[in-house]
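In the UniProt record's numbering, the protein residues as written are 1 to 322.
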Amino acid sequence: MTAPDAAGRAVGAPDHWIDALPQAVLLTDAGLVTRVNAAAARLWGVPQERAAGRPVLEVVRRHTLETLLERGGELELEVTGRTLRCTATRDGTLGALIVEDVTEHRRREAELREATAVLSHEFRTPVAALRGVLEALEYDMPRDLAQNFVRQGLQETERLARLAEDLAVGFRPTRARTLPLAEAFARAERLLTADLNARRASVTFGQDHLVRADPDKLLQVLLNLIENALKYGPPAAQVEVQTHERGTWIEVSVLDRGTPIPDTESLFKAHTRGRAATGQGSGMGLYIVRSIVHGWGGQAWAERRGDANAFCFTLPGVGGIG
């Protein structure tokens, strides 16, 4: 025959299932703890046998949770970098507190919000380019010029398709391959032709190198940096893209002759724009750049070089060319 314990429960009763739960569970009666499961013992650092019979506050050590147990309901707590969802129920003198670690769930929600902001920013460029192509095709023009516009439109459509894939599956593992930087430079220059002509600007590219990267992500980085240089640099200016070997890494720098930037580091934060920024913008461009570059293990930063602002990033090299 089994004797009852302090909570009136038969010792040896088959309730070990409660210890298998991932959530922390604390049971009370008249304000005293009657049972904590294994997860709760780990969470509050109190052995199960010592928790029984003690006031709730002595175990949970938070007035917020003591009050929650008295009133019932649900709340979220931030504890040492973790997000805990706490739910309390009452039935007369009996109470139960269930605590679930939802840190990973909240992290995924934040990543989804970030991904949405990133994709919203990235969709704007090809959509604007397609609008320009369609508006141009409304007018009569020589066949070869019309075909050139159609080619540009198809390139932007392909870029939109790749962005749509990212939206569908999240930011999938990078599709890296070995490629010459010149290939990425040529793609960027081709897509920027209309913008360069409109601003009467030009862009020059440095020495070629073999690198290891996702070609589409590398193109995103280059377009973001060169478009910023065109937008915030002086009109009809030359944008210079330099390349340098840094050990096993290749450093790419985009230089403009714009006014000095006082706080370059803050520009790489999400939803942050420089003081000289005009017009509409999400402030996500440089944040996207740094996120992509960090994805392949590189670094992204900005600095003042002589009379130019230099926005730089590194990517894995595979030996120089030429």
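Glycine included, C-beta positions come from ideal geometry on N, C-alpha and C. Quick caveat, the model's predicted, so the values are computed rather than measured.
Per DSSP, Leu75 is one residue of the beta strand (DSSP E) stretching across Gly73 to Val79. Membership of Phe205 in the beta strand (DSSP E) is indicated by the continuous run Ser202 to Phe205.
Taking C-beta atoms as the reference points, Gly72 and Arg54 fail to come closer than 8 Å. Counting every other CB atom within 10 Å of its CB across the protein chains shown gives Asn197 a total below 16, marking it as exposed.
The residue from Gly81, Leu218 and Glu251 with its alpha-carbon nearest to that of Ala302 is Glu251.
Straight across, the Cα-Cα distance linking Gly297 with Arg246 is about 14 Å. The alpha-carbon separation between Glu138 and Arg107 amounts to approximately 47 Å. Scanning its chain for C-beta atoms nearer than 6 Å, with the 5 sequence neighbours on each side dropped, one finds around Phe185 the residues Phe205, in chain order. Under the 10 Å beta carbon count, Gln220 is surrounded by 16 or more other beta carbons and is classified as buried.
The Cβ atoms of Arg257 and Ala237 lie closer than 8 Å to each other. Ala88 is bridged by DSSP to Gly73 and Leu97. In the structure shown, Arg290 falls within a helical segment according to DSSP collapsed to helix, strand and coil. Residue ranges of uninterrupted alpha helix (DSSP H) with 4 or more members are absent from the stretch 294-320; none lies entirely inside it.
Each residue's CA atom was taken as its position, placing Glu100 and Pro262 some 44 Å apart. A residue is called buried when at least 16 other Cβ atoms come within 10 angstroms of its Cβ; Lys269 does not meet this threshold and is exposed.
Taking 8 Å as the cut-off, the Cβ atoms of Gly132 and Ala194 count as close. Leu57 and Glu66 have their C-alpha atoms roughly 6 Å apart.
Judged by DSSP in its simplified three-state form, Thr28 adopts strand. Excluding residues up to 5 positions away in sequence, Gly153, Glu156, Thr157 and Leu160 lie with their Cβ nearer than 8 Å to the Cβ of Leu130 in the same chain.
The continuous stretches of alpha helix (DSSP H) do not include Gln23, and DSSP gives it neither H nor E. Relative to the Cα of Arg199, the nearest Cα in the group Ile226, Ala182, Leu222 and Ile288 belongs to Ile226. Short of 8 Å from the beta carbon of Ala136, and not among the five residues preceding or following it, lie these beta carbons of its own chain, in chain order: Phe149.
One alpha carbon belongs to Glu109, the other to Arg85, and they sit about 15 Å apart. Runs of the beta strand (DSSP E) spanning 3 or more residues and lying entirely within the stretch 212-281 occur at 238-246 and 249-256, in chain order. Look at Arg177 here: in three-state DSSP terms it is strand.
The beta-carbon separation of Ala96 and Leu191, rounded to 60 Å, does not stay under the 8 Å limit for a contact.
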